[in-house]
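Here is the structure we will look at.
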Amino acid sequence: MNGSSPRAGSAGSGARVDDELPVLVLDVAREVGDDLVAHGSRRGFVTAREVAVAVDDAGLDAAAIEQVGVRLRDAAVQLVDDLAGAGPSGVSSPAPADAPASVDAVRLYLNEIGRVDLLDQESEVDLAKRVEAGLAAAQILDSPLELTTAQRTCLRRVERLARDAKQIMIEANLRLVVSIAKRHVGRGLQFPDLIQEGNLGLMRAVDKFDYTRGYKFSTYATWWIRQMISRAIADQSRTIRIPVHLVETMNRLGRIERSLVQRLGREPTLEEIATAADLPVAKVEEFHRLGIDPTSLDAPIGEDGDGSMGELLEDRNATVPVEAAARLLLRSDIAAVLDDLNPRERTVIEQRFGLVGAEPSTLEQVGCNLGLTRERIRQIEAKALAKLRRPGRVDQLDGYLDT
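Quick note on this note's numbering: the sequence shown kicks off at 2 and runs consecutively.
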């Protein structure tokens, strides 16, 4: 690219990047760069994904990321692009003949945005002033003020110039969106979707940018792009949506866990993660459970995929055929035993013990149903039970007591 922005110029000069970064950010960027160099020196290269994860964990902005790139180049560590369609600089490589249409579309998009020159800070300020003037013109046009035809024509022209300025700022920073979107690959959204969400954040940044504060637009836009992508991942990547603030905590725990893995050389325990995150162990365990993706009951299983996950799960409410048959036999045998009682005794026993499908009834309830007193129902029940306890009456039910 022939653009004259500080970002473009800093790619070839570590000193210039150093001058633009605060001391603390510069120290973090150098530390990240040193870690990547140490990692890459052992095998001769680092991948774009590893770089993206490292700078994202450190929370570096676009300018600081340039310092990491300078550190890698100075150490002659090769950067291998592990993302189909986009290299570290955003320039795509030729697609293979059998590449999917979606990959071809991404590479075509990257080729198109790679042809747009970057903006220097003076151009950004000039365009931001036009956007600001356009917003003011829109407010005047929407107000109840009485305007002449000439005034309306002039204000509409200012609006058109503002739209053109916004378009220029957006197109010149699309590569920034791609570089940030790369860091979020593998978190539930496809790369094109991440770019789309990042572009929405870029548009919002153009509307909100305040050039009077003296910041570079790329620094300001990075925050909006990252916010839109993070929110989209939280809202769209899961079958069951998790609130954004919980997703942010889960991401923080993930960064802590990766850091502990590198430091300890093994998977950390929940207690170690909780100590590093200053959270209760139960809370960390809860966040780990939230991070588990749900599995569809229709998910195919087996070598041939002819079964489903749902077929392996127990239905605790289902009736077991053997138990259903045993209940039918028990009901039949109880009815045969009750045949030895007179109709009133049988009714009292059935209602008192719930033998006819209803809940067991109290003496008062049975008395109300039969028009008898509570004491009379108690006497009938006692007499009926005495009959049933006679030898030979309930012997046929003894077998059910063992099951």
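Note that beta-carbon positions come from the ideal geometry of N, C-alpha and C, so glycine has one too.
Simplified DSSP state of residue i, which is helix, strand or coil
i       : result
Gly-308 : strand
Gln-352 : helix
Pro-193 : helix
Ile-302 : strand
Val-47  : strand
Asn-200 : helix
Val-241 : The residue asked about is misnamed: residue 241 is Ile in this sequence, not Val. Coil.
Ser-180 : helix
Glu-113 : helix
Glu-147 : coil
Ser-297 : coil
Asp-75  : helix
Asp-36  : helix
Pro-392 : coil
Val-207 : helix
Gly-70  : helix
Arg-317 : coil
Val-186 : coil
Gly-41  : helix
Val-357 : coil
Gly-88  : Its pLDDT being 40, under 50, Gly-88 is placed unreliably by the model, and the measurement read from it follows with that caveat. In the structure shown, Gly-88 sits in coil (DSSP, three-state: anything other than H, G, I, E or B).
Pro-23  : For Pro-23, the predicted structure reports a pLDDT of 48, less than 50, and the residue's modelled location is therefore unreliable. The matter cannot be settled from this model.
Ala-98  : For Ala-98, the predicted model reports a pLDDT of 43, less than 50, meaning its position is unreliable; a value from the coordinates is still stated below. Three-state DSSP puts Ala-98 in coil, outside helix and strand.
Ala-55  : helix
The alpha helix (DSSP H) enclosing residue i, as first and last residue numbers
i       : result
Thr-154 : 150-173
Ala-129 : 122-143
Leu-331 : 322-339
Gly-255 : 245-265
Glu-272 : 271-278
Asn-343 : No alpha helix (DSSP H) holds Asn-343; DSSP gives it neither H nor E.
His-289 : 282-291
Gly-368 : 364-371
Leu-377 : Reading the sequence as shown, one finds Arg at residue 377 and not Leu. Per DSSP, Arg-377 belongs to the alpha helix (DSSP H) from 375-389.
Unbroken beta strand (DSSP E) run spanning residue i, endpoints
i       : result
Thr-223 : Looking at the DSSP string, Thr-223 is not in any beta strand (DSSP E); the run it does join, the alpha helix (DSSP H), is 218-237.
DSSP beta-bridge partners of residue i
i      : result
Leu-80 : Val-47
Residue i beta carbon near the ligand MG (any heavy atom closer than 7 Å)
i       : result
Ser-260 : No copy of the ligand MG occurs in the structure displayed, which carries no ligand at all.
Cβ distance (whole Å) where residue i is taken to contact residue j below 8 Å
i       : j       : result
Leu-254 : Leu-291 : Not really, about 10 Å apart at Cβ, beyond 8 Å.
Leu-175 : Ile-114 : 4 Å
Ala-182 : Ile-171 : About 15 Å; that fails the 8 Å criterion.
Val-69  : Gly-41  : Contact doesn't hold; Cβ gap of about 12 Å is too wide.
Met-229 : Gly-199 : 6 Å
Leu-119 : Ala-173 : 6 Å
Asp-36  : Ala-55  : 7 Å
Leu-80  : Ala-49  : 6 Å
Leu-136 : Ala-163 : 7 Å
Ile-257 : Ala-278 : 5 Å
Ile-335 : Leu-356 : 6 Å
Residue-chain proximity (residue i, chain C), Cβ-Cβ < 8 Å
i       : result
Gln-197 : Although the question refers to chain C, the structure presented lacks it and comprises just one protein chain.
Stretch pair the region 214-227 + the region 196-205: three plus CB contacts closer than 8 Å: yes
The region 238-250 touching the region 185-199, judged by at least three CB pairs closer than 8 Å: yes
The region 283-300 / the region 308-325 touching (three or more Cβ pairs under 8 Å): yes
The region 120-135 contacting the region 166-183, beta-carbon criterion three pairs below 8 Å: yes
At least 3 beta-carbon pairs within less than 8 Å: the region 120-129 vs the region 146-161: no
At least three beta-carbon pairs within less than 8 Å, the region 258-278 to the region 209-222: no
Touch test, the region 318-336 against the region 372-384, Cβ-Cβ under 8 Å, three pairs minimum: no
The region 337-355 / the region 381-395 touching (three or more Cβ pairs under 8 Å): yes
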